[in-house]
Amino acid sequence: MENPVAKKWSQEVWFAIFTSFLLFFVLFCFDYSTLMAADKGALTPLVNKRENPLVISDNKTGSTGKNSGSDPCAGQYIYIHDLPSRFNSDLLKNCRLLTRGTENSMCPYIENEGLGPLVEDYEGVLSNKSWFSTNQFMLEVIFHNKMMQYRCLAKDSSMASAVFVPFYAGLDVSLRLWDANISMRDSSARDLLNWLSKKPEWKKMWGRDHFMVAGRISWDFRRQTDDTTDWGSKLRFLPESMNMSMLSVEASSWRNDYAIPYPTYFHPSRDSVVFEWQSRMRGRTRPYLFAFAGAPRPDLTNSIRGKVIDQCQTSNSCKFIDCGSVENSCSKPVTVMRVFQSSVYCLQPPGDSYTRRSIFDSILAGCIPVFFHPGTAYSQYVWHFPKNHTKYSVYIPVRDVLKDLTEGSIEKVLLRISKNEEASMREEVIKLIPKIVYADPRSRLETLEDAFDLAVKGIIERVEEVRRVIREGNDPSVGFAEEDSYKYTFSQYNNRG
Numbered sequence: 001m002e003n004p005v006a007k008k009w010s011q012e013v014w015f016a017i018f019t020s021f022l023l024f025f026v027l028f029c030f031d032y033s034t035l036m037a038a039d040k041g042a043l044t045p046l047v048n049k050r051e052n053p054l055v056i057s058d059n060k061t062g063s064t065g066k067n068s069g070s071d072p073c074a075g076q077y078i079y080i081h082d083l084p085s086r087f088n089s090d091l092l093k094n095c096r097l098l099t100r101g102t103e104n105s106m107c108p109y110i111e112n113e114g115l116g117p118l119v120e121d122y123e124g125v126l127s128n129k130s131w132f133s134t135n136q137f138m139l140e141v142i143f144h145n146k147m148m149q150y151r152c153l154a155k156d157s158s159m160a161s162a163v164f165v166p167f168y169a170g171l172d173v174s175l176r177l178w179d180a181n182i183s184m185r186d187s188s189a190r191d192l193l194n195w196l197s198k199k200p201e202w203k204k205m206w207g208r209d210h211f212m213v214a215g216r217i218s219w220d221f222r223r224q225t226d227d228t229t230d231w232g233s234k235l236r237f238l239p240e241s242m243n244m245s246m247l248s249v250e251a252s253s254w255r256n257d258y259a260i261p262y263p264t265y266f267h268p269s270r271d272s273v274v275f276e277w278q279s280r281m282r283g284r285t286r287p288y289l290f291a292f293a294g295a296p297r298p299d300l301t302n303s304i305r306g307k308v309i310d311q312c313q314t315s316n317s318c319k320f321i322d323c324g325s326v327e328n329s330c331s332k333p334v335t336v337m338r339v340f341q342s343s344v345y346c347l348q349p350p351g352d353s354y355t356r357r358s359i360f361d362s363i364l365a366g367c368i369p370v371f372f373h374p375g376t377a378y379s380q381y382v383w384h385f386p387k388n389h390t391k392y393s394v395y396i397p398v399r400d401v402l403k404d405l406t407e408g409s410i411e412k413v414l415l416r417i418s419k420n421e422e423a424s425m426r427e428e429v430i431k432l433i434p435k436i437v438y439a440d441p442r443s444r445l446e447t448l449e450d451a452f453d454l455a456v457k458g459i460i461e462r463v464e465e466v467r468r469v470i471r472e473g474n475d476p477s478v479g480f481a482e483e484d485s486y487k488y489t490f491s492q493y494n495n496r497g
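Going by UniProt numbering, the sequence shown opens with residue 1, and the numbers climb by one from there.
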């Protein structure tokens with residue numbers, strides 16, 4: 001006869017075993033799905049109430065780590081969004097509309113991948129066929145074309161260390177800068193961000209691995225009010241855009257804006273072309289102590305332009321190029337480069353904004369730049385210029401125009417510099433040449449890094465820093481898009497010059 005106690009015990013054991021198995025199966029399925037998500041480098045919101053909270057797992061291909069096997073592109077992959085043509089190529093097709101408010105046509109500058117027309121008549125000033133009449137506003141086109149030839153493009157966005165958004169923001173805003181309709185001025189920016197935010201690539205880091213490039217100063221995209229008289233678009237103050245980084249010819253005081261060099265006239269196709277030019281600049285005879293190319297800014301309060309021009313014109317040691325004249329010699333590569341090649345120092349005072357294309361033209365000519373405000377270069381081009389600015393430039397701080405720029409003061413400062421110091425600075429300037437030019441997009445330099453290469457390296461490091469913050473469990477939004485007004489103060493340069 002079967003023991004009832006044993007029977008009851010047996011049933012309880014089997015029930016316990018079945019329950020344990022069922023619980024194990026449920027937990028295993030849950031853990032496996034989590035593992036698979038992490039393995040794909042997925043990013044998951046932590047708490048709905050927190051602003052864009054993220055969890056990020058180590059991504060071997062998207063990290064800048066060096067222990068990545070044999071892949072030479074590990075940690076360097078860039079993914080390019082395939083934007084609707086209205087955001088880039090259509091703007092070039094309608095180039096005649098890009099110059100409202102001016103008399104110049106942008107159409108010729110589209111030639112040669114955005115480099116502009118080839119300079120045919122060198123007049124003994126330039127060399128070979130690497131010189132073009134490049135318009136500074138074409139930077140976004142040049143950068144896009146160079147990015148299309150980048151050696152580490154990612155077809156799969158999950159492999160990318162950063163995501164490039166080829167929106168021609170500067171050309172687009174130029175269509176509407178004089179438009180009194182605020183909604184029209186911001187329409188393209190809003191449409192672009194709406195398009196981006198729906199893409200799976202956006203949700204990976206909510207845009208903090210995305211970047212775009214503009215050929216205008218970043219202030220043109222930071223209109224702070226909806227007053228029709230206020231300048232520019234609101235692109236950089238729109239919520240999605242605040243999660244992105246922008247590279248432009250002049251950065252604002254916000255931390256997600258970065259400055260990269262203005263395009264010059266020189267776009268070499270080979271390393272040898274650069275070396276030849278550097279050698280030529282080392283051997284130049286420079287009869288002028290200093291030079292200035294520009295025009296006065298009488299309408300700008302406390303502008304030093306007028307004082308700089310006065311001191312240049314009253315000195316026998318200075319050469320002045322008047323950019324405000326009818327013939328506008330500053331738009332002619334040969335004229336500008338001839339003067340800069342013949343000068344030891346080139347004055348770079350702020351104008352309509354802090355920065356100037358002339359900075360890079362002067363460096364290209366081996367002419368030592370003279371700065372009057374830290375926001376003109378030192379706090380701008382941190383990826384391209386040495387941290388120790390005394391190695392390659394002269395700094396004359398001007399806080400008060402009337403007090404700090406007395407008659408003949410600029411020439412006196414320059415004359416106090418020894419010939420050895422001058423030679424040392426000029427050599428540093430000439431060494432900078434590869435770093436501040438954009439090589440021809442139709443070719444690649446072999447061993448040298450140009451301005452494009454350094455910009456890409458800089459943005460990848462920026463994104464990797466954000467990833468590190470996320471991996472440590474911190475909020476990546478903290479400090480990402482905050483304003484840093486310290487950038488435009490003299491305080492950090494008080495005792496340097």
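We put the beta carbon where it would ideally sit given N, CA and C, even for glycine.
message = Looking at the secondary structure, which residues open and close the alpha helix (DSSP H) in which residue 289 lies?
response = Counted from its first residue, the sequence shown places residue 289 at position 289. That residue, residue 289, is in no alpha helix (DSSP H); its beta strand (DSSP E) goes 288-294.
query = Can you tell me where the beta strand (DSSP E) with residue 347 in it begins and where it stops?
reply = Mapped onto the sequence shown, residue 347 falls at position 347. Start and end: 343-348.
key: Own chain residues within Cβ distance below 7 Å of residue 107, not counting five before or after   = The residue labelled residue 107 in the question sits at position 107 within the sequence shown. Correct list, in chain order: 95 and 96.
inquiry  = Counting C-beta neighbours from all protein chains within 10 Å, is the total for residue 478 16 or more, i.e. buried, or is it exposed?
reply    = Counting from 1 along the sequence shown, the entry for residue 478 is found at position 478. By the 10 Å Cβ count, residue 478 comes out exposed.
ask   = What residues in its chain sit with their C-beta under 7 Å from that of residue 72, if we drop five residues either side in the sequence?
value = Here the question's residue 72 lines up with position 72 in the sequence shown. If we look at residue 72 and ignore the five residues flanking it on each side, it has no Cβ neighbours.
N- and C-terminal bounds of the alpha helix (DSSP H) containing residue 163 = Against the sequence shown, residue 163 aligns to sequence position 163. No alpha helix (DSSP H) holds residue 163; the beta strand (DSSP E) holding it covers 162-164.
ask   = Quick check: the stretch 465-476 against the stretch 220-237, are there 3 or more CB pairs under 8 Å?
value = no
inquiry  = Based on DSSP bridge pairs, tell me the residues matched to residue 240.
reply    = On the sequence shown, position 240 is the one that residue 240 refers to. In DSSP, residue 240 forms no bridge with anything.
inquiry  = Please determine whether the Cβ atom of residue 171 lies at a distance below 6 Å from any heavy atom of the ligand MN.
reply    = No copy of the ligand MN appears in this structure; indeed no ligand is present at all.
C-beta atoms of residue 149 and residue 262 nearer than 7 Å = Taking the sequence shown and counting its residues from 1, one reaches residue 149 at position 149. Taking the sequence shown and counting its residues from 1, one reaches residue 262 at position 262. Contact: no.
message = Does residue 394 come out as helix, strand or coil in the three-state DSSP assignment?
response = Residue 394 sits at position 394 when you count from the first residue of the sequence shown. Of the three classes helix, strand and coil, the one that applies to residue 394 here is strand, per DSSP.
inquiry  = Within 10 Å of its beta-carbon, does residue 45 have 16 or more other beta-carbons around it, so buried, or fewer, so exposed?
reply    = In the sequence shown, residue 45 corresponds to position 45, counting from 1. Annotation note: pLDDT 33 at residue 45 (below 50); position unreliable, coordinate value reported separately. Result: exposed.
query = In the structure shown, what three-state DSSP assignment does residue 138 receive?
reply = Start at 1 with the first residue of the sequence shown, and residue 138 comes out as number 138. Of the three classes helix, strand and coil, the one that applies to residue 138 here is helix, per DSSP.
message = Would you call the stretch 214-233 in contact with the stretch 165-179, where contact means no fewer than 3 C-beta pairs closer than 8 Å?
response = yes
ask   = Do residue 329 and residue 488 come within 7 Å of each other at the CB atom, strictly closer than that value?
value = Locating residue 488 in the sequence shown gives position 488, where the first residue counts as 1. Locating residue 329 in the sequence shown gives position 329, where the first residue counts as 1. Not a contact, by the Cβ cut-off of 7 Å.
request  = Answer with buried or exposed for residue 395, where buried requires no fewer than 16 other C-beta atoms within 10 angstroms of its C-beta.
outcome  = Within the sequence shown, numbered from 1, the residue matching residue 395 stands at position 395. The residue is buried, with at least 16 neighbouring Cβ atoms inside 10 Å.
request  = Please classify residue 50: is it buried, with 16 or more other beta-carbons within 10 angstroms of its beta-carbon, or exposed?
outcome  = Residue 50 sits at position 50 when you count from the first residue of the sequence shown. With a pLDDT of 32 at residue 50, under the threshold of 50, the modelled position of that residue is not reliable, and no figure is offered here.
ask   = DSSP three-state call for residue 80: helix, strand or coil?
value = Taking the first residue of the sequence shown as 1, we reach residue 80 at position 80. Residue state, collapsed to three classes: strand.
task = Just mark residue 5 as buried or exposed, buried being the case when its beta carbon has 16 or more other beta carbons within 10 Å.
result = Position 5 of the sequence shown holds residue 5. The predicted model places residue 5 with a pLDDT of 42, which falls under 50 and marks its position as unreliable; any figure quoted below should be read in that light. Counting Cβ neighbours within 10 Å, residue 5 comes out exposed, since fewer than 16 surround it.
Simplified DSSP assignment, three categories, for residue 322 = By 1-based counting over the sequence shown, the position of residue 322 is 322. Here residue 322 sits in strand by DSSP.
task = Would you mind giving the Cβ-Cβ distance between residue 372 and residue 350, rounded to the nearest angstrom? I have them listed as a contact below 8 Å.
result = Taking the first residue of the sequence shown as 1, we reach residue 372 at position 372. Taking the first residue of the sequence shown as 1, we reach residue 350 at position 350. With a Cβ gap of about 7 Å, residue 372 and residue 350 count as contacting.
query = Between residue 196 and residue 165, which are expected to be in contact by the criterion C-beta below 8 Å, what is the C-beta distance as a whole number of angstroms?
reply = Sequence index remark: in the sequence shown, residue 196 carries index 196 (1-based). Sequence index remark: in the sequence shown, residue 165 carries index 165 (1-based). Their Cβ separation, rounded to whole angstroms, is 7 Å, which keeps residue 196 and residue 165 in contact under 8 Å.
query = Do the stretch 239-248 and the stretch 197-216 touch if we need at least three Cβ pairs shorter than 8 Å?
reply = yes
message = Could you tell me the alpha carbon to alpha carbon distance between residue 303 and residue 314, rounded to whole angstroms?
response = Here the question's residue 303 lines up with position 303 in the sequence shown. Here the question's residue 314 lines up with position 314 in the sequence shown. Spanning the two alpha carbons is a distance of roughly 19 Å.
request  = Classify residue 213 as helix, strand or coil using the three-state DSSP reduction.
outcome  = Here the question's residue 213 lines up with position 213 in the sequence shown. Three-state result, residue 213: strand.
message = What does the alpha-carbon distance come out to for the pair residue 180 and residue 186?
response = Looking up residue 180 in the sequence shown gives position 180. Looking up residue 186 in the sequence shown gives position 186. Those two C-alpha atoms are separated by around 11 Å.
inquiry  = Let me confirm a value: residue 482 is counted as buried when at least 16 other C-beta atoms fall within 10 Å, else exposed. Which label applies?
reply    = Translated into positions along the sequence shown, residue 482 becomes position 482. That one is exposed.
task = Identify which residue in 382, 370 and 117 has its Cα closest to the Cα of residue 461.
result = Here the question's residue 461 lines up with position 461 in the sequence shown. Taking only the C-alpha atoms, the option nearest residue 461 is 382.
task = Kindly indicate which residue of 294, 486 and 285 has the alpha-carbon position closest to the one of residue 375.
result = Within the sequence shown, the letter at position 375 stands for residue 375. That would be 486, whose Cα lies nearest to the Cα of residue 375.
key: Nearest candidate by alpha-carbon position, reference residue 144, set 295, 452, 275 and 424   = One-based indexing of the sequence shown puts residue 144 at position 144. It is 452 whose Cα lies nearest to the Cα of residue 144.
task = Name the one or two DSSP bridge partners that residue 257 has.
result = Here residue 257 is taken as the residue at index 257 of the sequence shown, counted from 1. Answer is 246.
task = Would you kindly work out how many angstroms separate the C-alpha atoms of residue 35 and residue 393, rounded to a whole number?
result = Your numbering for residue 35 matches position 35 in the sequence shown. Your numbering for residue 393 matches position 393 in the sequence shown. Since pLDDT at residue 35 reaches only 36, below the 50 mark, its modelled position is unreliable, and the value read off the structure follows with that caveat. Residue 35 and residue 393: Cα-Cα distance of roughly 54 Å.
query = CA-CA distance, residue 385 and residue 432?
reply = Taking the sequence shown and counting its residues from 1, one reaches residue 385 at position 385. Taking the sequence shown and counting its residues from 1, one reaches residue 432 at position 432. So the two alpha carbons sit approximately 8 Å from each other.
task = Taking only the alpha-carbon atoms, compute the straight-line gap between residue 337 and residue 124 and give it to the nearest angstrom.
result = Position 337 of the sequence shown, counting from 1, holds the residue named residue 337. Position 124 of the sequence shown, counting from 1, holds the residue named residue 124. The straight-line gap from Cα to Cα measures roughly 11 Å.
task = Would you decide whether residue 224 is buried or exposed? Buried here means 16 or more other CB atoms lie within 10 Å of its CB.
result = One-based indexing of the sequence shown puts residue 224 at position 224. That one is exposed.
key: Cα-Cα separation between residue 53 and residue 246, rounded to whole angstroms   = Locating residue 53 in the sequence shown gives position 53, counting from the first residue. Locating residue 246 in the sequence shown gives position 246, counting from the first residue. Low confidence applies to residue 53: its pLDDT is 42, below 50, so where it sits in the model is not reliable enough to give any reading.
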